[in-house]
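Only one structure is covered here, and it is reproduced in the block below.
Numbering (the numbering used here), first residue to last: 7 to 218.
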C-alpha cells in the first residue's frame, strides 16, 4: 500500500520564497502542497479548511504574523505541526515561534537543504532548528539539575521534549492547560532555561527521552 503523502500548507508573502520551497517539495515524493497563501490570516483559514500535517509559516507575514498564526493553528487541535521560516536569527523571533508551539525554525537561506530533515523531525514529534538558530538559543540556555524537578515536572518536561503542545500535555496527564503552563514555567525557572528548544536539548542530554 502506498503511504499517504505529507500534506503541507505554505505561507509566505514573497512569491520567490514560496516558489523555492514548492520546488524543493515537488522534487521529492511523499509531499503534497495543499494550499499556498500570502499572509497569516489566510494561513489560519487554510489550516482550518485543509487540516495539513505541516504548516510552513513565514515568521514576519503581514496581517497576522507567524507567531500569532501558529498559536491559532495549534489551538484548532487538528494535529498540524508548524515549521517557522525566517531570515532572522534574532532570539525574539526564534523564542516567540517556539513558545507559540512551532516544532521547527528554519532560516530562509538554508531552508532548501534542511527542509526534508525538518519535516521528518517534526513528523516524528521532535524539534528541528537551523544550526545558527540553535546556537543563538544555546548561548542563552545554561541549565540547572534535573534532580531539582519533581516527578510531575519531569513528566511535563518529557512531553515538552516530545514536541507536545500544552493542550496535548494537559490531555495526557489529566491536567488543565493552565496547570501545564505553570509547570512549564517552574521547570524553566529551576533549570534556568528560557526556551522550549533549550528544554528539549536538556531533556535529551539528561536521558529524559520523549514519551511514546
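Beta carbons are placed, not taken as given, at the ideal position from N, Cα and C, and that holds for glycine.
Proximity below 8 Å, CB of residue 203 to CB of residue 143: Result yes, Cβ atoms of residue 203 and residue 143 sit closer than 8 Å.
One or two residues paired with residue 134 in a DSSP bridge: In the DSSP assignment, residue 134 forms a beta bridge with 110.
Let me check one thing: in DSSP terms, what residues is residue 125 bridge-paired to? By DSSP's assignment, residue 125 forms no beta bridge with any residue.
State the start and end residues of the unbroken beta strand (DSSP E) segment that holds residue 172. Per DSSP, residue 172 belongs to no beta strand (DSSP E); it is in the alpha helix (DSSP H), 172-179.
Please state the DSSP three-state secondary structure of residue 49. Three-state result, residue 49: helix.
Can you tell me which of the three DSSP states residue 17 falls into? The answer is strand: DSSP assigns residue 17 an E or B state.
Please name the residue in 82, 167 and 61 whose C-alpha comes closest to that of residue 17. Checked all of 82, 167 and 61; the closest Cα to residue 17 is 61.
Inter-residue Cα distance where the pair is residue 119 and residue 139: Put simply, the backbone Cα of residue 119 is about 15 Å away from that of residue 139.
Once the 5 residues before and after residue 194 are set aside, which same chain residues still bring their CB inside 8 Å of it? Sequence-distant partners of residue 194 (beyond 5 residues in either direction) whose C-beta falls short of 8 Å from its own C-beta, in its chain, are 200 and 205.
Cα separation between residue 207 and residue 55? In this structure, the straight-line span from the alpha carbon of residue 207 to that of residue 55 is close to 34 Å.
So within the segment 65-107, which uninterrupted alpha helix (DSSP H) runs reach at least 4 residues, ignoring any that extend past its ends? Correct list: 72-81 and 97-106.
With 16 other Cβ atoms within 10 Å as the buried cut-off, status of residue 180: Exposed, by the Cβ-count rule.
In angstroms, rounded to a whole number, what distance separates the CA positions of residue 178 and residue 162? Distance between the alpha carbons of residue 178 and residue 162: 10 Å.
For a quick check, are the C-beta atoms of residue 46 and residue 74 less than 8 Å apart? With contacts defined by Cβ atoms closer than 8 Å, residue 46 and residue 74 form a contacting pair.
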